[in-house]
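As numbered in our numbering, residues 5 to 178 make up the sequence shown, in order. See structure below.
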Amino acid sequence: MPPEDRSPTGRTGRAPDAAEDYRRKTEREIFVLSRRMKGAGHPAPLGDPTTGVVLVVEQPVGPRVLDALQASLVAVGLPDAYVTYASTGLLKEELLATEPHALVAVGPGAAREVDGLGHPLARTPFSEAQEGVPFAWTRGTSGLRLPSLAPALPDDANKRRFWRCFLVLKDLAG
């Protein structure tokens, strides 16, 4: 569910705790970024930005790719993982807002986009990482590079390759 469609949290009448404050702050920041994305003609991000799992999908992305990605996330027990897109110009701000513990680049375009951010604490560039093998992107964030999803949809060999790599996400996010 896009962040702007979720009801606000923290309306319980009790004093908010640190986790609730973090969730509200993150949702507020992502709501603003989502509006900016949509205003620039990009699709809105999907999922819960506070799950700690962020997938960056290379552009262009269509409904068939998003449906397949959502089905894959459900299959590995991560239906609420946050999904966003490369080439929006807002990825750096999204990563700062979400502070993921697992960052996944879906396709080489997404890997180049993440590398292009020039994160000062990045240890291993996504473009140098082996597909389907987790690596330390920063001290607190594991990275995972996946093959492109769009070419995998009509081709069984590419579909199996994508799925083998994608299954690693289940353990990485756990």
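Note that the Cβ used here is the ideal one computed from N, Cα and C, for glycine as well.
| Check | Outcome |
| --- | --- |
| Through-space distance from D84 to G51, alpha-carbon basis | 5 Å |
| Residue from T92, H105, E97 with nearest C-alpha to E33 | E97 |
| Nearest residue (CA-CA) to W141, options R127, E62, E135, E132 | R127 |
| Close Cβ partners of Q63 (< 7 Å) along its chain, the five nearest in sequence each way excluded | Y89, A90, S91, G113 |
| Residue-chain proximity (A156, chain C), Cβ-Cβ < 7 Å | The chain labelled as chain C is not found in the depicted structure, where only one protein chain is given. |
| T13, buried or exposed, once every other Cβ within 10 Å from all chains shown has been counted against 16 | In this prediction, T13 scores a pLDDT of 49, lower than 50, which makes its location untrustworthy; no coordinate-derived value is stated. |
| Residue closest to L150, alpha-carbon to alpha-carbon, out of T102, A72, R168 | R168 |
| Endpoints, the beta strand (DSSP E) within which L148 is located | 146–150 |
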